[in-house]
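K.L.:
Using the working numbering, the first residue of the sequence shown is number 4, and each one after it goes up by one. Glycine included, C-beta positions come from ideal geometry on N, C-alpha and C. Remember, predicted model here, so these are calculated numbers, not experimental data. Take this structure, written in structure tokens, and hold onto it; I'll ask about it next.
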Amino acid sequence: MQLIRMVMLAAEKNKDPYELVDPKFEGHNETEISYHIALLDDAGLLHGQDRSAIGVFRWSAGALSWTGHEFVEAVRDEAVWKEALDIAGNSDNGAVFEVLQKALIQVLEKRAGLEKSA
4 MQLIRMVMLA AEKNKDPYEL VDPKFEGHNE TEISYHIALL DDAGLLHGQD RSAIGVFRWS
64 AGALSWTGHE FVEAVRDEAV WKEALDIAGN SDNGAVFEVL QKALIQVLEK RAGLEKSA
């Protein structure tokens with residue numbers, strides 16, 4: 004899940020909606036990053052482009068979608084992100100995205116004083 008956040012924050016920095024970016028992150032190879040960009044495109048969080056060639060898997064990140072901008076606003080704060088991961092289950096392959104989204108909403112509601120009373 005950390006790589007998803009990193010890709011989204013990198014894509015958000017690109018202010019030209021027609022420009023594609025190929026973010027690089029220490030500890031992650033190009034194929035792994037491309038795969039996560041393809042997942043984000045499939046999830047509707049950003050507009051990715053398949054730039055694969057024979058024998059090379061490559062996706063580039065384009066503009067964020069409306070939902071992508073909302074996601075970035077929710078995960079920008081490191082403390083909110085960590086708290087949501089703790090709720091959802093902090094593992095790269097264990098936290099289901101829907102559970103993470105619900106955890107982010109829960110954390111943000113709590114911080115805004117909008118928690119539902121029991």
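1) Quick one: residues in its chain with C-beta nearer than 8 Å to the C-beta of Y1, no 5 flanking neighbours on either side, listed in chain order?
2) What distance in whole Å lies between the Cβ atoms of V110 and E73, which are believed to be in contact at a cut-off of 8 Å?
3) Whole angstroms are fine: how far does the CA of V99 sit from the CA of R54?
4) Give the secondary structure of L2 by DSSP, where H, G and I count as helix, E and B as strand, and everything else as coil.
5) Report the rounded CA-to-CA distance for G122 versus L117, giving the unit in angstroms.
6) Please report the Cβ distance between V83 and L107, rounded to the nearest whole angstrom; I am assuming they are in contact, meaning their Cβ atoms lie under 8 Å.
7) Pick helix, strand or coil for S63, following the three-state DSSP scheme.
8) Pick out whichever of P26, R79, I7 and L103 has its Cα sitting closest to the Cα of L42.
9) With distances taken Cα to Cα, identify the nearest neighbour of H50 among I40, A56 and I57.
10) Based on Cα-Cα distance, which residue from N32, E35 and V10 lies nearest to L23?
11) Does the Cβ of P20 have 16 or more other Cβ atoms within 10 Å, making it buried, or fewer, making it exposed?
P.N.:
Let's see:
1) Here the chain comprises residues numbered 4 to 121, so residue 1 is not present and cannot be evaluated.
2) No, E73 and V110 are not in contact; Cβ-Cβ is about 14 Å, not under 8 Å.
3) 27 Å
4) Residue 2 lies beyond the stretch modelled for the chain, which goes from 4 to 121, so this question has no answer here.
5) Coverage of the chain is limited to positions 4 through 121, which leaves residue 122 absent and any answer about it impossible.
6) 7 Å
7) strand
8) I7
9) I40
10) V10
11) exposed
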